[in-house]
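Its first residue numbered 10, the sequence shown is counted upward by one per residue in my numbering. We put the CB at the ideal spot given by N, CA and C, even for glycine.
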Amino acid sequence: MMETIESINNKIQAHVPEPVVACGRLAPAGTWGSFGLRKLSPAAGFLKQRSANKKAGQLSTRGAMSKNNRQTYFALTADKLYAFETKFSGGGIKVLGQLVEWNRADLTVQTIPGKLATKVVIDHADGGHYELEATTVASKGYNDPLLAELAAAAS
Numbered sequence: 010m011m012e013t014i015e016s017i018n019n020k021i022q023a024h025v026p027e028p029v030v031a032c033g034r035l036a037p038a039g040t041w042g043s044f045g046l047r048k049l050s051p052a053a054g055f056l057k058q059r060s061a062n063k064k065a066g067q068l069s070t071r072g073a074m075s076k077n078n079r080q081t082y083f084a085l086t087a088d089k090l091y092a093f094e095t096k097f098s099g100g101g102i103k104v105l106g107q108l109v110e111w112n113r114a115d116l117t118v119q120t121i122p123g124k125l126a127t128k129v130v131i132d133h134a135d136g137g138h139y140e141l142e143a144t145t146v147a148s149k150g151y152n153d154p155l156l157a158e159l160a161a162a163a164s
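Now the structure itself:
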């Protein structure tokens with residue numbers, strides 16, 4: 010049985026001590042491209058995904074390719090951005106741990122819409138630079154509230 014959006018959001022909210030304004034799932038930027046490239050050349054697809062994982066930095070725990078079932082869920086509150094490592098299991102997603110808790114005031118965010126995904130670039134005041142993407146094709150609008158909130162903060 011497919012887990013509902015409400016169920017996923019409730020699981021994420023349970024790990025955040027304040028009300029969540031928006032929730033969504035982001036992957037390393039370039040994940041869609043590496044998926045397509047892997048069909049033509051598995052080695053080239055692997056290298057592209059490895060590069061994408063590095064650009065996501067601490068916001069992805071996938072490593073080179075050994076943790077394909079890992080996803081990063083984000084939760085925005087009025088003042089903070091939280092990121093959580095999750096994995097899929099028989100009962101839906103399972104939150105494995107918190108990756109970051111950042112003040113939104115310390116972040117600069119860009120959203121760049123594309124055909125299959127929206128690229129999300131996060132720059133932290135400490136110099137950290139992170140490149141991710143939110144799937145927009147076949148996502149049934151799940152990431153729309155997160156993308157809207159990030160875009161609003163950027164303008």
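C-beta contact flag for residue 68 and residue 116 at 9 Å: As a working note, residue 68 is residue 59 in the sequence shown. As a working note, residue 116 is residue 107 in the sequence shown. In this structure, residue 68 keeps its C-beta atom at 9 Å or more from the C-beta atom of residue 116.
Burial state of residue 100 (16 or more Cβ within 10 Å): Translated into positions along the sequence shown, residue 100 becomes position 91. With fewer than 16 Cβ atoms within 10 Å of its Cβ, residue 100 is classed as exposed.
Beta carbon of residue 83 nearer than 9 Å to that of residue 49: Within the sequence shown, the letter at position 74 stands for residue 83. Within the sequence shown, the letter at position 40 stands for residue 49. Going by C-beta atoms, residue 83 is not nearer than 9 Å to residue 49.
Of the listed residues 119, 80, 31, nearest to residue 108 (C-alpha basis): In the sequence shown, the residue the question calls residue 108 occupies position 99. If we check each option's Cα against that of residue 108, 80 comes out closest.
Contacts around residue 94, its chain only, beta-carbon distance under 7 Å, and the 5 residues preceding and following it disregarded: Within the sequence shown, the letter at position 85 stands for residue 94. Result list for residue 94: 70, 79, 81, 105, 106, 108, in chain order.
Enclosing alpha helix (DSSP H) for residue 22 [first to last residue]: Your numbering for residue 22 matches position 13 in the sequence shown. Unbroken alpha helix (DSSP H) run through residue 22: 14-22.
Within 9 Å, strictly: CB atoms of residue 111 and residue 90: What you label residue 111 is simply residue 102 of the sequence shown in a count that begins at 1. What you label residue 90 is simply residue 81 of the sequence shown in a count that begins at 1. Cβ distance < 9 Å, so residue 111 and residue 90 count as in contact.
Span separating the alpha-carbon of residue 98 from that of residue 88: Here residue 98 corresponds to residue number 89 of the sequence shown, with the count starting at 1. Here residue 88 corresponds to residue number 79 of the sequence shown, with the count starting at 1. Going from the Cα of residue 98 to the Cα of residue 88 covers about 31 Å.
DSSP beta-bridge partners of residue 122: Residue mapping note: residue 122 aligns to position 113 of the sequence shown, counting from 1. Residue pairing by DSSP places residue 122 opposite 127 in a beta bridge.
contact_flag[the segment 15-35, the segment 143-158] where n(CB pairs < 8 Å) is 3 or more: In short, these stretches touch, since the Cβ pair count reaches three.
Per DSSP, the bridge partner or partners of residue 112: On the sequence shown, residue 112 is found 103 positions in, with the first residue counted as 1. Residue pairing from DSSP places residue 112 in a beta bridge opposite 89.
Residue 37: first and last residue of the uninterrupted beta strand (DSSP E) it sits in: What you label residue 37 is simply residue 28 of the sequence shown in a count that begins at 1. It spans 31-37 - the beta strand (DSSP E) in which residue 37 sits, taken as one unbroken run.
Coil, strand or helix - residue 158 by DSSP: Within the sequence shown, residue 158 is the residue found at index 149, counting from 1. The answer is helix: DSSP assigns residue 158 an H, G or I state.
Beta-bridge partners of residue 104, as assigned by DSSP: Mapped onto the sequence shown, residue 104 falls at position 95. Answer by DSSP bridge pairing, in chain order: 95.
Under the three-state DSSP convention, the category residue 84 falls into: For the purposes of this step, residue 84 is identified with residue 75 of the sequence shown, where counting begins at 1. Here residue 84 sits in strand by DSSP.
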